[in-house]
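Numbering (the working numbering), first residue to last: 67 to 283.
The beta-carbon is built from N, C-alpha and C at its ideal position, and this holds for glycine as well.
Since the structure is predicted, the reported quantities are computational estimates derived from the model, not experimental observations.
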Amino acid sequence: MHGYLSSKEAFTAQTEYFSRFYRVTAIDFLGFGESRELTSAFSVDDYADWLYDVLTALHVQKPHVVAHSFGCRVAIKLASKYPDFFDKILLTGAAGVILKRGLRYRIKVKTYRLVKKFAPRFAERHFGSAEYRTLSPVMRESYKKIVNEDLRECAKRIENQVLFVQGEEDKTTPIEEINAYLVCLKYAKVVTMPGGHFAFAEYPTAFHLIAEDYFYE
67 MHGYLSSKEA FTAQTEYFSR FYRVTAIDFL GFGESRELTS AFSVDDYADW
117 LYDVLTALHV QKPHVVAHSF GCRVAIKLAS KYPDFFDKIL LTGAAGVILK
167 RGLRYRIKVK TYRLVKKFAP RFAERHFGSA EYRTLSPVMR ESYKKIVNED
217 LRECAKRIEN QVLFVQGEED KTTPIEEINA YLVCLKYAKV VTMPGGHFAF
267 AEYPTAFHLI AEDYFYE
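See the structure below:
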């Protein structure tokens, strides 16, 4: 389950490796890769329900999960809504926790809202992440719904075993966010490996060994 603005091809190395031992199902979320575009703004809830329907239609039963970044949000949401659907869950670069935001962030948000009142086009071009500025209007609304939801309450309802694989240089989803998840989950642990937010693609062999040990234990 790929990250935001990514596709199933991000997991090409993992798909090729684990296809030797498992049936592997890799999907493109709506709005990404080869899937159709969104016609309305999806929340994490919407993506979770959509994925549930897709995997059910494909007769995927009790799968192990490998998810990255945004895909982790969807995995957590789906596991909290459908408790018996997944088996083991592996999350890498896991997004979905909103840590306390500092003064600089709050000033930036207030400045954006003020500028937007008088110069909305300027505000849209100069505020927000580079990722956000590349999105269509529908995808922007979806993005807002996604990034503004804290999933810790969902995590508290999960009964599955969960493994976090954390890149040691990951600045996008730092270890503080993973630690916040660990407090909420009943059966979870974390292992670190070299690399950043895409550690699984930077060091695929190391990632495969960690995943293989986890799924076989």
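- In the DSSP assignment, Leu229 falls outside any alpha helix (DSSP H) and lies within the beta strand (DSSP E) extending over 227-233.
- For Thr239, the secondary structure class from DSSP, reduced to helix, strand or coil, is coil.
- Residue pairing by DSSP places Thr158 opposite His134, Val231 in a beta bridge.
- Under the three-state reduction of DSSP output, Tyr88 falls in the coil class, being neither helix nor strand.
- Measuring C-alpha to C-alpha distances from Met259 to each of Tyr253, Ala267, Asp115 identifies Ala267 as the nearest.
- Taken through DSSP and simplified to helix, strand or coil, Met259 comes out as strand.
- Here Val163 really is in contact with Arg218; their C-beta atoms are around 6 Å apart, less than 8 Å.
- For Tyr209, the enclosing alpha helix (DSSP H) has its first and last residue at 203-213.
- In chain order, Asp94, Phe98, Gly99, Glu100 place their CB closer than 8 Å to the CB of Ser73, counting only its own chain and leaving out the 5 sequence neighbours on each side.
- Annotation: the continuous alpha helix (DSSP H) that includes Ala123 extends over 110-123.
- Counting along the chain, the unbroken alpha helix (DSSP H) around Thr271 starts and ends at 270-282.
- Tyr83 carries a helical assignment under DSSP once its states are collapsed to helix, strand and coil.
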